[in-house]
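S.K.: The structure follows.
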Amino acid sequence: MVLEGDIGAGLIAIGAGIAVGLAGLGSGMAEKDIGAAAVGAITEDASLFGRAMIYMVLPETIVIFGLVIAILAIFVM
Amino acid sequence: MSLPESMSRIVIAGTKAHMDEAIEVLYGAEAVHLIDHTVDADEGFSIGSPREYSSKASERLLKVRFMEKELGINKHTKTPSLSVEEIKSRIKSASVESAEDEIVRALDRRNDLNQRIAALNTKKNNLEILQMLPVNLEFYNGFKSIATIVGTVVDDPSEAIKAMDAEFFIATKKKGPIAVAVFVRDNDRDKVSSLLSAYGFSEVQVPPGVSGIPADALKAVEAEIAEMEATLAKVEENLAVLKENYQAFLRASDEDLSITVEKGELPLRIATSEYSFVIDAWVPTKRVEHVKEKLEKDSDGRMYVEFQETRGRKDAEVETAEKRFKTAPTKMNNGGYSAGYEYATKLVDVPKYQEIDPTILIALFLPLFFGFMVGDVGYAIPFIILGIYGLKVAKSKDWRIVARVLLFGGIWSFVFGLLFYGECLGMHFTGTYLSPTNMTWEHVFGMQEGALGAFTAVLPEFIHAEEGNIINHVGVGKLVEIPLLLKLSVYIGIVHLMIGYICAFINIHMRLGFKHAFMEQGGWIFAFVGLVMFCYALAYSLIGDMSSLMTEYMVPFAMGIVLLIIGCAINLKSHGGMSIMELPGIAGNILSYTRLAAIGMSKAGMALAFNHIAFNMIYGTMGGITGIILGFAVFLIGHLMIFFLAILSAGLHSVRLQYVELMAKFFVGGGKEYAPLKIIRKKTHYEPLKTENKTKAEV
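Chain order of the listed sequences is L and C. In this text, residue positions in the first sequence follow numbering that gives the first Met the number 0: the first is 0, and each later residue adds one. In this text, residue positions in the second sequence follow numbering that gives the first Met the number 0: the first is 0, and each later residue adds one.
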């Protein structure tokens, strides 16, 4: 298969993919520990669900940063 | 942004001689939140002692609970509600005790049978092993100087035993252990035992007093087991009948006795002197007069009620109050629609008496965000149906809130889907057909382009900034108008966060006054507005022309910096140096709202892929009946998957935006919930007066 098109555009696409992918990996690593601890806490006291969920989803913002960078890369560059 | 209901403190006094009537009256008012009396709170008063009837009731309750547990009656057992009078009279005439007699006797019999069957089964297992050996049972016992060792081994020990002076029998089966019986002199017993143990020996008891060949004995035991099992089945049947007969009574008496015990133990929470009792209680301010009147009237004037204070929201009032009066209970004050979301707030915590209850904000924004993210008529309709069905069927609070969000989120996503995105199942109704990125329903139904134009004329007109072409009444493509959706999400976020900051300001203003509020929250508000303006100018000039920062975006840029500096200065003074470190967090919070666009995009992307595959199968390459069937299958399964993913992702993310971004700004929680003395009967009921009259008349 012959490569076609702009190499620059391809690099941007790869960059955007890496941005989202690594950011996702990062928040996943952060959430795994919190998630395990949260499930432990909830089994002891189900009323902690709300607060546990807050802690659980805190690192999720990291992946949003990755997404924003990816979108910037695709649409702005 | 409603505050918890205003609370007032009252004191109720009465004579101890009329304690029982007083307790009934207090429960009857259904508005009295008792303040527990603590030791030494008042001189001359001590904690009361339980009523006499309560210990007898506790004893009976214990019996009832035991029987319920043994018979397998739990809260899921469906039983009819019985009348209170009937249940009370039955309890009084010692029905609990007679039921206990009957049930415990049956239970004992069952346990006894189970034990005997277990013993017989062991015997049976042993006989099965002995059956392998060619020795009659009577030959294992009764020797003077010969010891018998019977059991099973894992490996064949023949060679080793042959070397010894012993008679032995070994039997093997294809599967399972090897049976062995060794007859040796008493002196050699230990030697053989230790030898066998090397082969994994485990001893088998020869049943005493049995003779003949083991097979006969085995048959006898088996017959005995069968007989016992038949008896056990009868006993089980009997128990099932007992359960059937008594479950309604047990559930009802459980409830009635629990109520009796609770009432009987009420004096443990109140102050009593030799002849009188005094109760401190919280009552919603607007019901104080009503409660006072009701209590005094219902007790025939034997109770005296005095109003003490109406608790305000200022910290000063809390600080000066006596320790047990410091925290007023929180009665969340939400009407109709938003009351359904109180559970969502309580999942985090019960609001304090002195703070804004965020329920109404959750009620507004949670379904709104959900709808914005889903934004598709095709998914909205099943959401609405599922929501209505859920609200009709679901009883548990968890499911009810889910159903509520689905219903109202569904309505919002219908609104957004129809009036903003113009989409159904990932496809616009109308517009220029462009496979695969822009498929339309017009095209699917083979209509002319623009045929649904009249139908979608309500859709907004958008100007595509980069290309300058006008999108006429087609709707916002989730995968096309990304910059627009991102901007919109950020603006929604700014509004949402600003509400959070304002709530925080109001909270502190209410508790400590304007100066405190300004010093604590003013800095954040200035910094937030400054940062928004600063980022606005920076973002637009970065995307466009950098030089426009000094011309077109000069004003917001400069104002942003000024406000940021003011904000930081106030924060430095009141919160210290660490507050500067939190500034990037604000930007993070705002960016966090881009998930609104991102989740919409992800769903649109999946829908696009499934639609493309499905319609290619139906119209395109594959063709024929197989193509149509396969195409519809892909279409159905794909959209069903997106539908359920939407519940998870859109639901959870909109909850998260409320809990983390909004509520973290102002919500503290840790309030004590208003819990008035009140009896809720489910399995028992008072006969309505009418029927009572009727029966009397009939009699």
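Backbone N, C-alpha and C define an ideal beta-carbon position, used for all residues, glycine too. Predicted model only: the values in this text are computed from it and were never measured.
Quick check on residue 200 (chain C): does DSSP put it in helix, strand or coil?
M.R.: As a position in the second sequence, residue 200 (chain C) is number 201, starting the count at 1. Reduced to three states, the DSSP call for residue 200 (chain C) is coil.
S.K.: By alpha-carbon positions, which one of C:627, C:603, C:295, C:527 ends up nearest to residue 558 (chain C)?
M.R.: Here residue 558 (chain C) corresponds to residue number 559 of the second sequence, with the count starting at 1. Ranking the options by Cα distance to residue 558 (chain C), first place goes to C:527.
S.K.: Counting beta carbon pairs with one atom in the segment 223 to 233 of chain C and one in the segment 182 to 190 of chain C, are three or more of them shorter than 8 Å?
M.R.: no
S.K.: Using the C-alpha atoms, what's the distance from residue 420 (chain C) back to residue 679 (chain C)?
M.R.: Here residue 679 (chain C) refers to the residue found at position 680 of the second sequence. Here residue 420 (chain C) refers to the residue found at position 421 of the second sequence. Cα-Cα distance, rounded: 48 Å.
S.K.: Indicate whether the contact test is met: 3 or more Cβ pairs, each with one atom in the segment 375 to 389 of chain C and one in the segment 400 to 416 of chain C, closer than 8 Å.
M.R.: yes
S.K.: Does the count of Cβ pairs from the segment 52 to 70 of chain C and the segment 244 to 251 of chain C closer than 8 Å reach three?
M.R.: yes
S.K.: Could you give the distance in angstroms between the alpha-carbon of residue 468 (chain C) and the alpha-carbon of residue 479 (chain C)?
M.R.: As a working mapping, residue 468 (chain C) is identified with position 469 in the second sequence. As a working mapping, residue 479 (chain C) is identified with position 480 in the second sequence. Low confidence applies to residue 468 (chain C): its pLDDT is 46, below 50, so where it sits in the model is not reliable enough to give any reading.
S.K.: How far does the beta strand (DSSP E) with residue 33 (chain C) in it extend, from its first residue to its last?
M.R.: To locate residue 33 (chain C), count along the second sequence from 1; it is residue 34. Its beta strand (DSSP E) spans residues 32 to 34.
S.K.: Would you say residue 258 (chain C) and residue 665 (chain C) are within 8 Å of each other, going by their C-beta atoms?
M.R.: Position 259 of the second sequence holds residue 258 (chain C). Position 666 of the second sequence holds residue 665 (chain C). Going by C-beta atoms, residue 258 (chain C) is not nearer than 8 Å to residue 665 (chain C).
S.K.: Do the segment 176 to 184 of chain C and the segment 122 to 136 of chain C meet, that is, are 3 or more Cβ pairs less than 8 Å apart?
M.R.: yes
S.K.: Going along the chain, which residues of its own chain have a beta-carbon closer than 8 Å to the beta-carbon of residue 466 (chain C), five neighbours each way excluded?
M.R.: Taking the second sequence and counting its residues from 1, one reaches residue 466 (chain C) at position 467. Per-residue confidence for residue 466 (chain C) stands at a pLDDT of 48, beneath the threshold of 50, marking its modelled position as unreliable; no derived number is given.
S.K.: Does the Cβ of residue 701 (chain C) have 16 or more other Cβ atoms within 10 Å, making it buried, or fewer, making it exposed?
M.R.: Nothing can be reported for residue 701 (chain C), as the shown portion of chain C is limited to 0 through 698.
S.K.: Using only the alpha-carbon positions, how far apart do residue 694 (chain C) and residue 686 (chain C) sit?
M.R.: Here residue 694 (chain C) is taken as the residue at index 695 of the second sequence, counted from 1. Here residue 686 (chain C) is taken as the residue at index 687 of the second sequence, counted from 1. Note on residue 694 (chain C): pLDDT 44, under 50, position unreliable in the model; the coordinate value appears next. Cα-Cα distance, rounded: 11 Å.
S.K.: Quick check: the segment 645 to 655 of chain C against the segment 593 to 609 of chain C, are there 3 or more CB pairs under 8 Å?
M.R.: yes
S.K.: In chain L, what lies closer than 7 Å to residue 476 (chain C) by C-beta?
M.R.: Taking the first residue of the second sequence as position 1, residue 476 (chain C) is located at position 477. What residue 476 (chain C) touches in chain L: nothing, since even the nearest Cβ is about 14 Å away.
S.K.: Using the Cα positions of residue 767 (chain C) and residue 298 (chain C), report the straight-line distance between them to the nearest angstrom.
M.R.: No statement about residue 767 (chain C) is possible, as the shown extent of chain C runs from 0 to 698 and does not include it.
S.K.: Is it the case that the Cβ atoms of residue 586 (chain C) and residue 425 (chain C) are separated by a distance below 8 Å?
M.R.: By 1-based counting over the second sequence, the position of residue 586 (chain C) is 587. By 1-based counting over the second sequence, the position of residue 425 (chain C) is 426. No. Outside cutoff.
S.K.: Can you check whether the C-beta of residue 38 (chain L) is within less than 8 Å of a C-beta belonging to chain C?
M.R.: Within the first sequence, residue 38 (chain L) is the residue found at index 39, counting from 1. No, no contact with chain C.
S.K.: In three-state terms, what does DSSP make of residue 355 (chain C)?
M.R.: Residue 355 (chain C) sits at position 356 when you count from the first residue of the second sequence. Shown here, residue 355 (chain C) sits in coil according to DSSP, grouped into three states, outside any helix or strand.
S.K.: Starting from the beta carbon of residue 63 (chain L), find every residue of chain C whose beta carbon is closer than 8 Å, and list them in chain order.
M.R.: As a working note, residue 63 (chain L) is residue 64 in the first sequence. Result: 590, 591, 593, 594, 597.
S.K.: Which of the three DSSP states, helix, strand or coil, is assigned to residue 508 (chain C)?
M.R.: Residue mapping note: residue 508 (chain C) aligns to position 509 of the second sequence, counting from 1. Correct three-state label for residue 508 (chain C): helix.
S.K.: Using a Cβ cut-off of 8 Å (strictly closer), state whether residue 493 (chain C) contacts chain L.
M.R.: For the purposes of this step, residue 493 (chain C) is taken as residue 494 along the second sequence, with counting starting at 1. Residue 493 (chain C) does not count as touching chain L.
S.K.: Rounded to the nearest angstrom, what separates residue 643 (chain C) and residue 397 (chain C) at their Cα positions?
M.R.: As a working mapping, residue 643 (chain C) is identified with position 644 in the second sequence. As a working mapping, residue 397 (chain C) is identified with position 398 in the second sequence. For residue 643 (chain C) and residue 397 (chain C), the distance between alpha carbons rounds to 18 Å.
S.K.: Ignoring anything shorter than 4 residues or poking outside the segment 531 to 615 of chain C, list the alpha helix (DSSP H) runs there in chain order.
M.R.: 553 to 574, 577 to 580, 582 to 591
S.K.: Tell me, please, which residues DSSP counts as bridged to residue 283 (chain C).
M.R.: Counted from its first residue, the second sequence places residue 283 (chain C) at position 284. Answer by DSSP bridge pairing, in chain order: C:6.
S.K.: List, from N- to C-terminal side, the beta strand (DSSP E) runs of 3 residues or more that fit wholly inside the segment 223 to 302 of chain C.
M.R.: 275 to 283
S.K.: Looking only at its own chain, which residues have a Cβ that is under 8 Å from the Cβ of residue 560 (chain C), when we skip the five neighbours before and after it?
M.R.: For the purposes of this step, residue 560 (chain C) is taken as the residue at position 561 of the second sequence. Cβ within range, chain order: 529, 533.
S.K.: Whose CA, out of L:49, L:33, L:60, lies closest to the CA of residue 23 (chain L)?
M.R.: Residue 23 (chain L) sits at position 24 when you count from the first residue of the first sequence. Ranking the options by Cα distance to residue 23 (chain L), first place goes to L:60.
S.K.: How far does the beta strand (DSSP E) with residue 170 (chain C) in it extend, from its first residue to its last?
M.R.: By 1-based counting over the second sequence, the position of residue 170 (chain C) is 171. First-last of the beta strand (DSSP E) with residue 170 (chain C): 166 to 170.
S.K.: Distance check for residue 87 (chain C) and residue 279 (chain C), CA to CA, integer angstroms please.
M.R.: The residue labelled residue 279 (chain C) in the question sits at position 280 within the second sequence. The residue labelled residue 87 (chain C) in the question sits at position 88 within the second sequence. Cα-Cα distance, rounded: 31 Å.
S.K.: I need the boundaries of the beta strand (DSSP E) containing residue 150 (chain C), first residue and last residue.
M.R.: On the second sequence, position 151 is the one that residue 150 (chain C) refers to. Where residue 150 (chain C) is concerned, the enclosing beta strand (DSSP E) stretches over 145 to 152.
S.K.: For residue 537 (chain C), which option in C:342, C:524, C:551 has the closest C-alpha, if you only look at C-alpha atoms?
M.R.: Translated into positions along the second sequence, residue 537 (chain C) becomes position 538. Among C:342, C:524, C:551, the Cα nearest to that of residue 537 (chain C) is on C:551.
S.K.: Tell me whether the beta-carbon of residue 554 (chain C) lies closer than 8 Å to the beta-carbon of residue 493 (chain C).
M.R.: Walking along the second sequence from the start, residue 554 (chain C) turns up at place 555. Walking along the second sequence from the start, residue 493 (chain C) turns up at place 494. Between residue 554 (chain C) and residue 493 (chain C), the C-beta spacing is not below 8 Å.
S.K.: In whole angstroms, what separates the C-alpha of residue 578 (chain C) from that of residue 562 (chain C)?
M.R.: Numbered from its first residue, the second sequence carries residue 578 (chain C) at position 579. Numbered from its first residue, the second sequence carries residue 562 (chain C) at position 563. Cα to Cα, the separation comes out at about 15 Å.
S.K.: Using a Cβ-Cβ cut-off of less than 8 Å, give me the residues of the segment 382 to 409 of chain C that come near chain L, in sequence order.
M.R.: Within the segment 382 to 409 of chain C, not one residue has a Cβ closer than 8 Å to any Cβ of chain L.
S.K.: Using the C-alpha atoms, what's the distance from residue 260 (chain C) back to residue 54 (chain C)?
M.R.: What you label residue 54 (chain C) is simply residue 55 of the second sequence in a count that begins at 1. What you label residue 260 (chain C) is simply residue 261 of the second sequence in a count that begins at 1. Our two residues, residue 54 (chain C) and residue 260 (chain C), have alpha carbons roughly 8 Å apart in a direct line.
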